[in-house]
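Notes follow once the structure below has been shown.
There are 2 protein chains.
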Amino acid sequence: MDPRLKKYLESTLKEVSIDCTIFGFHAGELKVLLLRWKGTDSWSLPGGRIFLEESANEAAVRILRERTGLQEIFLQQFYTFGAANRYKNFSPDELIKTLELTFGEDFFDEKLMKRNISIGYMALVEFEQVVATPDWYTDECRWWEISAVPTLLFDHNDMIETALKALRQQLSYQPIGYNLLPEKFTMPELQRLYETILDKQLDRRNFQKLMLSYDILEKLPEKRTGGAFKAPFLYKFDKEKYDRAIQEGITFKV
Amino acid sequence: MDPRLKKYLESTLKEVSIDCTIFGFHAGELKVLLLRWKGTDSWSLPGGRIFLEESANEAAVRILRERTGLQEIFLQQFYTFGAANRYKNFSPDELIKTLELTFGEDFFDEKLMKRNISIGYMALVEFEQVVATPDWYTDECRWWEISAVPTLLFDHNDMIETALKALRQQLSYQPIGYNLLPEKFTMPELQRLYETILDKQLDRRNFQKLMLSYDILEKLPEKRTGGAFKAPFLYKFDKEKYDRAIQEGITFKV
DNA sequence: GCAAAAGTGTTAGCTATACACCCATGT
DNA sequence: ACATGGGTGTATAGCTAACACTTTTGC
Chain A
97 MDPRLKKYLE STLKEVSIDC TIFGFHAGEL KVLLLRWKGT DSWSLPGGRI FLEESANEAA
157 VRILRERTGL QEIFLQQFYT FGAANRYKNF SPDELIKTLE LTFGEDFFDE KLMKRNISIG
217 YMALVEFEQV VATPDWYTDE CRWWEISAVP TLLFDHNDMI ETALKALRQQ LSYQPIGYNL
277 LPEKFTMPEL QRLYETILDK QLDRRNFQKL MLSYDILEKL PEKRTGGAFK APFLYKFDKE
337 KYDRAIQEGI TFKV
Chain B
97 MDPRLKKYLE STLKEVSIDC TIFGFHAGEL KVLLLRWKGT DSWSLPGGRI FLEESANEAA
157 VRILRERTGL QEIFLQQFYT FGAANRYKNF SPDELIKTLE LTFGEDFFDE KLMKRNISIG
217 YMALVEFEQV VATPDWYTDE CRWWEISAVP TLLFDHNDMI ETALKALRQQ LSYQPIGYNL
277 LPEKFTMPEL QRLYETILDK QLDRRNFQKL MLSYDILEKL PEKRTGGAFK APFLYKFDKE
337 KYDRAIQEGI TFKV
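Residue numbers (the numbering used here), protein chains in the order written: chain A, 97 to 350; chain B, 97 to 350.
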């Protein structure tokens, strides 16, 4: 076994780890960042272990930074997955084969097939700013459309499902968008974000009225040109008011 | 060390455990069930370890049953506490002294002072039905008024605080009361429950109108007598409709 | 009879929703 | 010119919130 891997395993918690559902928004689609395990066609959520002297939250920030290059973004725990058997999507044999391909034969029975509990974190990131970077145990790190996510290793499909539910719920008592949209965006873009997350159509006029009523947006004098239609105004979030709204928990009725 | 204790420690997860904030409601006060550690004056939340072949949720149900005698009640995960140092309320020396008093000198450094992550569960139970039962490591198990909870071991004061926040939030999109009140109760009793949890006064007429509008209550022909005032009607929850409301997530506007 | 607490209905203001026409832009 | 999508206001219904007097009961 690689001595660096050995050291990593020895300096981290063994029974509990972290998995991150990282949401991005691009071209009107909600996306999620996935990793392909070395030498396999199997995908999973980005995850990692917690160093002994590090809090779970710190570990989540670190993992997110390692995979996306970003920090200081929306990141929060949403559920801890503690089932005794979290390997439901594949038979034990299939899974062992995958893990052997990635880690070598001396690894899986020692460390990975044992009981493991995972703390699920959810992150919202600006798609364009992400530099998707694979792990030491993965070949590829890329965005998948939420509706096209393949069958993932472990219980990671459940995790995405649960994260999405938590995100939808969040939406109803906190503003969302600051970490998912570029600095400047149009009202229709913001609306499409909401429509995508909630998976339902909203009325343009009512949506705009509602968003403006929260007093967290600043209308810019510029417009976005380039389409064969009337140029929409650009907006940006007033970060101070936005943070206050998150703190105080505005009631978003979308 | 007690061989049964040794066996328990060997057949459970070491790095992650469970703590339960068990809420009860009695005499117009919200209460929480606490344990006093053997040979000490130190209190903590009821908690326990997860058996290797058991899910975290199953462990929580088991722990709750062991401490209260109840099962099939409202119980849910609300947060996982993953700070690197969760012993903030006492100095290491004080804590070691407490743990030595309870477990003997050969225990704490071996098992307990190591890094530990705790999954926080919250339960709502019918006060009158609880048979509060101490642990093998505790002398006493009893209810404390939420406002009179002493400084607890580890980060358990934070846990109660966080559980209470989660409970308040829950209140706004799900009915609450089935597991906290006796089978039959009056409208003012239900209102006091809500007022206690939310820590604010509500209007009697509006509260009644709202509760009745959810169509989860059944008005009984009986009244509660015994006070020097007009006898209030008794109600009970229509369990079927109540469960449906929980499932569908009614918007409670209190 | 008096104190304590419960029963009950109406109104005003606000919020959510439904809905349609005109305008700017690129092809 | 035309297709595409954006800008904008009003009317209605439903919900929330404020509010007071009468009734029952025990002492």
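Yeah, the Cβ is synthetic: ideal placement off N, Cα and C, and Gly gets one too. Predicted model only: the values in this text are computed from it and were never measured.
- The beta-carbon separation of Asn275 (chain A) and Glu314 (chain A), rounded to 17 Å, does not stay under the 8 Å limit for a contact.
- Under DSSP, Phe147 (chain A) takes part in a beta bridge, and its partners are A:Thr108.
- At a cut-off of 8 Å between C-beta atoms, Gly178 (chain A) counts as an interface residue with respect to chain B.
- Considering only B:Val128, B:Leu195, B:Asn153, the residue with the shortest C-alpha distance to Ser138 (chain B) is B:Leu195.
- Considering only B:Phe119, B:Glu125, B:Val245, the residue with the shortest C-alpha distance to Val226 (chain B) is B:Phe119.
- Distance between Asn253 (chain A) and Glu241 (chain A), taken at the CA atoms: about 13 Å.
- Taken through DSSP and simplified to helix, strand or coil, Pro230 (chain B) comes out as coil.
- Setting aside the 5 residues that flank it on each side, Thr247 (chain A) is surrounded in the same chain by Asn185, each with a C-beta closer than 6 Å to its C-beta; the list follows chain order.
- Cβ neighbours of Glu285 (chain B) within its own chain (closer than 7 Å, five residues either side excluded): Leu277.
- The Cβ neighbour count for Ser243 (chain B), taken over all protein chains shown within 10 Å, is under 16; the residue is labelled exposed.
- The residue among B:Lys319, B:Leu109, B:Pro317 with its C-alpha nearest the C-alpha of Arg211 (chain B) is B:Leu109.
- Bounds of the alpha helix (DSSP H) holding Pro284 (chain B) are 283-294.
- Neighbourhood of Tyr217 (chain A) in chain B, by CB distance below 8 Å: empty, with the nearest CB roughly 10 Å away.
- In the displayed model, Asp115 (chain A) falls within a strand according to three-state DSSP.
- Taking 8 Å as the cut-off, the beta carbon of Arg264 (chain A) is found closer than this to the beta carbon of Ile293 (chain A).
- Segment contact: the region 125-141 of chain B against the region 226-240 of chain B, three or more CB-CB distances shorter than 8 Å; contact assigned.
- About 11 Å separates the beta carbons of Ile213 (chain B) and Ala152 (chain B), which is beyond the 8 Å limit, so they are not a contact pair.
- Interface annotation, Tyr183 (chain A): not in contact with chain B, CB-CB separation never under 8 Å.
- Distance from Tyr331 (chain A) to Met283 (chain A) at the Cβ level is roughly 6 Å; contact confirmed, criterion being Cβ atoms closer than 8 Å.
- With a cutoff of 8 Å on beta-carbon distance, Thr229 (chain A) and Glu162 (chain A) are scored as near each other.
- Residue ranges of uninterrupted beta strand (DSSP E) with 3 or more members, entirely inside the region 153-225 of chain A and ordered along the chain, are 170-177, 213-220.
- By the neighbour-count definition (other C-beta atoms within 10 Å, threshold 16), Pro99 (chain A) is an exposed residue.
- By the 16-neighbour rule on beta-carbons within 10 angstroms, Ser309 (chain B) is exposed.
- The three-state secondary structure of Tyr269 (chain B), taken from DSSP, is coil.
- Contact annotation: Val112 (chain A) and Val157 (chain B) have beta-carbon atoms that are not nearer than 8 Å.
- Residue environment: Gln343 (chain B) is assigned as exposed (fewer than 16 neighbouring CB atoms within 10 Å of its CB, all protein chains considered).
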